[in-house]
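> Have a look at the structure that comes next, please.
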Amino acid sequence: MGHAVKLNVCKIKEDLEGILKRKPDLVILAVKYISLKDEDDIWLADYFEQHGINYIGSSSEVLKFDSNKVLAKSYLRSKGIKTANFFNAIPGQYKEESELPIKFPLFLKPMDAANGNGVDDLSFVTNFLDFESKVLSLYELFNFPVLVEEYLDGREFTVAVINTLNGGLIVSPIEIIPPESRNGLRILGEKVKTDDSEELKKIEDQEIKNRVGKLAIDSFLNLGVRDFGRIDIKANKRGHYFFMEANLVPGMTCGSSYFPKACEIEHELTYDKVLELLLEKGLSRVPPTAQPNKRINLDTKFFDTTFLEHFLSEKGAQ
Ligand SMILES: Nc1ncnc2c1ncn2[C@@H]1O[C@H](COP(=O)(O)OP(=O)(O)O)[C@@H](O)[C@H]1O
Ligand SMILES: [Mg+2]
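Under this note's numbering, the sequence shown has 329 at position 277, and the numbering climbs by one with no breaks.
Here you go:
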């Protein structure tokens, strides 16, 4: 696309400060935060926002919906979007089955993890003993109240959504079919994801595709997602569809990550084209005055006309 790009591996604060000094037009974040020794994590969107550096993806405020599933679910529910009934639990909080706010079968997972971490066959729980044991193991692992949901027994989908330069959305819904486990369950847990043993499929049924796509768009817009995001959706056997979670810094590994794969399966977008769409959107926020020394190629297609007109009038005024 004609830009100079630099890859920075950031391990310490000084690495980040080096980026601030260079004042790039756009920072592409590969992760949400970096962990420092003996200090709080640095949330990158927050950091670059505070220092006035343009970055790709959602604001730190919106990224909270990615990090905290309960926050996203509660917010979307208040907007009338369907999500599985849920409650939180810590070990010992419930003494017996009759105290549980939702009936078995239940699904237990961490509130703020990703990549299927903490999710396995034991997440599917049908009795109080197994409930207590999974609450304990997740609590010990993540040190956070456990998210307990009604179990959704239907098909699973994920939807890549790209907000384009002209304000439109490119919506790519696909079905994900995890392999059947020994217990006859199909769960997208950590092992399935690292083994890459799930099947990604084009949705052939137009009505299902529309419903899944619409739920993803409603979730995307209500959460205020910027640039792009991936919405996970699950159905129940009765054919109701539920928002499961929002992935706002989705994996972008060429050849395996769901986001580029979904774009390819649904719209035949190549990996490079997907990245180009994300970059041109991010770059459209670059204030024209912030790049006075850049070579401007009028043929470069990522400059939309409003940007160019603005840029040219600024130049003319100087
Ligand atoms: N309420 C539920 N009922 C049935 N399966 C679920 C439920 N919630 C999650 N799962 C399964 O667990 C997987 C991981 O859950 P998800 O919330 O997407 O977390 P992650 O951040 O690890 O992707 C899902 O892809 C799905 O297979
Ligand atoms: Mg998920």
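We put the beta carbon where it would ideally sit given N, CA and C, even for glycine.
#1: Tell me, please, which residues DSSP counts as bridged to Lys254.
#2: Leaving aside the five residues before and after Trp95 along the sequence, list all residues of the same chain whose C-beta is less than 7 Å from its C-beta, in chain order.
#3: Once the 5 residues before and after Ser175 are set aside, which same chain residues still bring their CB inside 6 Å of it?
#4: Taking the alpha-carbon of Leu252 as reference, which of Phe209, Ile260, Leu221 has the nearest alpha-carbon?
#5: As a quick check of your reading: which residues have a C-beta less than 6 Å from at least one non-hydrogen atom of ligand 2, in chain order?
#6: According to DSSP, Ile283 sits in a beta bridge with which residue or residues?
#7: Could you check what DSSP says for Pro162 in three-state terms: helix, strand or coil?
#8: Rounded to whole angstroms, what is the Cα-Cα separation between Gly54 and Arg74?
#9: Measuring CB to CB, does Met296 end up less than 7 Å from Asp284?
#10: Reducing DSSP to helix, strand and coil, say where Ile105 ends up.
#11: Please report how far the alpha carbon of Ser309 lies from the alpha carbon of Val213, in whole angstroms.
#12: Are the CB atoms of Val114 and Gly220 nearer to each other than 7 Å?
#13: How close, in whole Å, do the beta carbons of Val223 and Gly265 come, if the pair is a contact with beta carbons under 8 Å?
In short, the structure shows the following:
#1: Looking at the DSSP assignment, Lys254 forms a beta bridge with Ile226.
#2: Result list for Trp95: Lys84, Tyr85, Ser112, in chain order.
#3: Around Ser175: Phe159, Leu160, Lys161.
#4: The shortest C-alpha to C-alpha distance from Leu252 to any of Phe209, Ile260, Leu221 is the one to Phe209.
#5: What you get when you keep residues with a C-beta closer than 6 Å to any heavy atom of ligand 2 is Asp284, Glu297.
#6: Val211, Ala298, per the DSSP bridge assignment.
#7: In the structure shown, Pro162 sits in a strand (DSSP, three-state: E or B).
#8: Approximately 18 Å between the Cα atoms of the pair.
#9: Yes, Cβ-Cβ distance for Met296 and Asp284 is below 7 Å.
#10: Per DSSP, reduced to three states, the secondary structure at Ile105 is coil, with no helix or strand assignment.
#11: Ser309 and Val213 have their C-alpha atoms roughly 14 Å apart.
#12: Between Val114 and Gly220, the CB-CB gap reaches or exceeds 7 Å.
#13: Indeed they touch by this definition, with Cβ atoms about 5 Å apart.
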